[in-house]
Amino acid sequence: MDSYKTQWLTSEGDERVRCELLAFGTVEDLERGTLNAQDRNVLVKLSILNYVYGKQVVTFDALLKNYAQAGIELTDNDIEMILLELCNHGIMDVSIDSVAREVKVLQLSRYRDVYCGERELLVVNPTKVITNIEIIDTLQAYSDKL
């Protein structure tokens, strides 16, 4: 199956918006585009990955607040189930402390498409996507530390 980005590059209309949201978006972008229930669930999972990217510890309150701002009500159990599903798929590895209500991010694999300016973004905020320039800068900073 092609990546959402590959589909986005060749699609038009509603399908383009759908693929753009799934390739680069988060739940915060939903107000500018609509998704069916299945795609919305995928975006909820992808949004967790976006939120934890670059963080070592994330609180349940922060995750729940992030979703609430997008009009999506989740429970602690919902968050735990999503995290466990992502771990089972090998996308990430976390340590969940249900009592302290926090998640320690142990490992996060490449998980989202990278925006390289191929087309204009219609619904996703371009300042919030992972770009090729950001990746190059991160690699350069890492290389400089060696």
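Residues in the sequence shown are numbered from 1 upward in steps of one, following the UniProt record's numbering. Idealized CB from N, CA, C, for every residue including glycine. Note that the structure is a prediction, hence the values are computed from the model and not measured.
Checklist line | Cβ shell of E102 (< 6 Å), same chain only, five flanking positions each side left out | finding: V57, T59
Check: What span of residues does the alpha helix (DSSP H) with T10 cover, start to end?
Finding: 4 to 10
Margin query: I'd like the list of long-range same chain contacts for S98, defined as Cβ closer than 8 Å, with 5 residues on each side in sequence excluded.
Written below: D76, E80
Note to self: According to DSSP, simplified to helix, strand and coil, what is Q107?
What the structure shows: strand
Item checked: Strand pairing of V94, partner residues [DSSP] -> V105
Next item on the list: Would you kindly report the start and end of the unbroken beta strand (DSSP E) that includes V58?
Entry: 57 to 59
Check: Is it the case that the Cβ atoms of L30 and A68 are separated by a distance below 8 Å?
Finding: no
Notebook entry, point to check: Under 8 Å, do V105 and R32 count as touching if we go by C-beta distance?
Noted result: no
Checklist line | Three-way DSSP call (helix, strand, coil) for T127 in this model | finding: helix
Margin query: DSSP three-state label for Y53, please.
Written below: coil
Checklist line | Residue range of the unbroken alpha helix (DSSP H) whose run includes A23 | finding: 13 to 24
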